[in-house]
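Under the UniProt record's numbering, the residues of the sequence shown are numbered 1 to 191, in order.
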Amino acid sequence: MADKLNKQLRNLLPWQQVAFCVGLAERMYPNYVLFSEGTEFGGEATFRKMLDLFWENLTVKGAKVNFETQSEKFEEAIPNVADYDMYGVYPALDACVALSCAFNAVLTKADDEAVNASQTSIGTVSSFIEATSEAELTEQEIWQDELIQQELAFQEELLTLLDEQRSPDLLKAVRKFCRNEGISNIGISLE
Numbered sequence: 001m002a003d004k005l006n007k008q009l010r011n012l013l014p015w016q017q018v019a020f021c022v023g024l025a026e027r028m029y030p031n032y033v034l035f036s037e038g039t040e041f042g043g044e045a046t047f048r049k050m051l052d053l054f055w056e057n058l059t060v061k062g063a064k065v066n067f068e069t070q071s072e073k074f075e076e077a078i079p080n081v082a083d084y085d086m087y088g089v090y091p092a093l094d095a096c097v098a099l100s101c102a103f104n105a106v107l108t109k110a111d112d113e114a115v116n117a118s119q120t121s122i123g124t125v126s127s128f129i130e131a132t133s134e135a136e137l138t139e140q141e142i143w144q145d146e147l148i149q150q151e152l153a154f155q156e157e158l159l160t161l162l163d164e165q166r167s168p169d170l171l172k173a174v175r176k177f178c179r180n181e182g183i184s185n186i187g188i189s190l191e
């Protein structure tokens with residue numbers, strides 16, 4: 001299933017690549033907030049602002065955003081794993097990686113950023129499953145886990161949504177879908 005997904009991701013139009021990356025970052029946002037609040041790292045306002053700027057750029061015709069400048073600002077909100085002795089820094093960093101993929105898709109026009117964001121999100125879920133399991137799991141057991149299956153289904157559904165004609169209404173629906181009622185890819189809820 002992952003190979004099929006990667007093939008579809010490589011065929012996305014540039015706006016779809018960006019929307020896919022931002023969508024995954026949106027879904028992973030609760031992971032970042034939990035880490036940020038728990039460590040008093042800060043940064044959640046910057047992360048939220050970057051997400052909002054991407055959504056605005058995608059939905060508002062003629063919206064102008066200097067993504068190079070915003071990318072530099074965003075770098076300050078990326079935690080350094082070496083500074084924290086806790087698991088929560090990893091899902092937070094992965095959320096930053098997904099959003100960085102969106103920046104790269106805009107700034108470098110790279111066509112593999114959606115694949116990178118996809119693999120990062122799947123990796124977040126996989127490492128969470130391993131970290132919370134009492135027993136050592138095989139790769140097959142991880143891939144059969146309900147959380148991984150939900151992640152793959154979410155990404156497939158996101159791709160299906162993005163297969164429509166680009167419009168503000170479509171992108172608003174994509175954003176709402178990716179917010180996933182405030183529940184992240186590893187089940188973190190801000191409510």
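Beta carbons: idealized from backbone N, C-alpha and C, even for Gly. Every value quoted in this text rests on a predicted model; they were computed, and no experiment measured them.
Non-local beta-carbon contacts of Gly23 in its own chain, meaning distances under 7 Å to residues more than five positions away in sequence, involve Leu158, Val174 and Cys178 in chain order. Across the structure, Ala2 and Leu152 are spaced so that their CA atoms are roughly 8 Å apart. With respect to the 9 Å criterion, Leu53 and Trp15 are not classified as neighbours on the basis of their beta carbons.
The Cβ-Cβ distance between Ala102 and Ala82 does not fall below 9 Å.
Following the DSSP letters along the chain, one finds Met28 inside the alpha helix (DSSP H) bounded by residues Pro14 to Thr39. Under the three-state reduction of DSSP, Ile188 is assigned to coil, being neither helix nor strand. The C-beta distance from Val125 to Asn180 rounds to 13 Å, too long to fall under 8 Å, and the pair is not in contact. With respect to Phe47, Val65 sits apart: the two C-beta atoms are not nearer than 9 Å. Per DSSP, Asn116 is one residue of the alpha helix (DSSP H) stretching across Glu113 to Thr132. Within the same chain, Phe35, Pro79 and Val81 come within 7 Å of Val89 by CB-CB distance, once the 5 residues on both sides are set aside.
Counting the other CB atoms within 10 Å of its CB gives Ser167 a total below 16, which places it among the exposed residues.
Cβ-Cβ distances below 7 Å link Tyr87 to Ala131 in the same chain, with the five nearest sequence neighbours on each side left out; the list follows chain order. In this structure, Gln155 places its C-beta atom within 9 Å of the C-beta atom of Ser121. Residue pairing for Ile183: DSSP places it in a beta bridge opposite Ser189. Phe20 is positioned such that its CB atom lies no closer than 9 Å to that of Leu137.
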